[in-house]
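Residue numbers (this note's numbering): 4 to 87.
The beta-carbon is built from N, C-alpha and C at its ideal position, and this holds for glycine as well.
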Amino acid sequence: MADLDPVWEVSVEEVKAMLDSKQAFLLLDVREPDEHATARIPGAELVPLGDLPAVLPRLQEHADKPVIAHCHMGGRSLKAAVFL
4 MADLDPVWEV SVEEVKAMLD SKQAFLLLDV REPDEHATAR IPGAELVPLG
54 DLPAVLPRLQ EHADKPVIAH CHMGGRSLKA AVFL
């Protein structure tokens, strides 16, 4: 896996500020549906990591916006970022 590029990292505070300012970006929740059912960020789109390749064509409509992936511990969101 690629080393984490610091420009890929976005803090919780930065995401909160982006949400509060209604900035245009795509927030991907790459967790599993049962995790999403337990806790979720309003406005985040659930796309489990394993489903990401299949939905990539649909995500192209967001190509002009930043995309932020999130998960529980950071491992899956890093894999999503590398894939994207």
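Would you please verify whether the beta carbon of residue i is less than 7 Å from any beta carbon of chain B?
i: Pro56; result: Among the chains in the structure shown there is no chain B, since it carries only a single protein chain.
Where does residue i land, buried or exposed, given buried means 16+ other C-beta within 10 angstroms?
i: Leu59; result: exposed
i: Gln63; result: exposed
i: Leu87; result: exposed
i: Val15; result: exposed
i: Ser105; result: With the chain represented from 4 up to 87, any question about residue 105 goes unanswered, as that position is not in the structure.
Which residues in the same chain as residue i place their Cβ atom closer than 8 Å to its Cβ, once the five residues preceding and following it in sequence are excluded?
i: Ala66; result: none
i: Leu29; result: Glu48, Leu62, His65, Lys68, Pro69, Val70, Ile71
So, at 7 Å on beta carbons, what are the nonlocal neighbours of residue i in its own chain, with the 5 sequence-adjacent residues on each side left out?
i: Trp11; result: Ala84
May I ask you to report which of helix, strand or coil DSSP gives residue i?
i: His65; result: helix
Tell me, please, which residues DSSP counts as bridged to residue i.
i: Asp54; result: Note: Asp54 sits in no beta bridge, so no partner.
i: His73; result: Asp32
i: Leu49; result: Asp32
Give a yes or no on whether the C-beta atoms belonging to residue i and residue j are separated by under 7 Å.
i: Val50; j: Leu31; result: yes
i: Cys74; j: Val13; result: no
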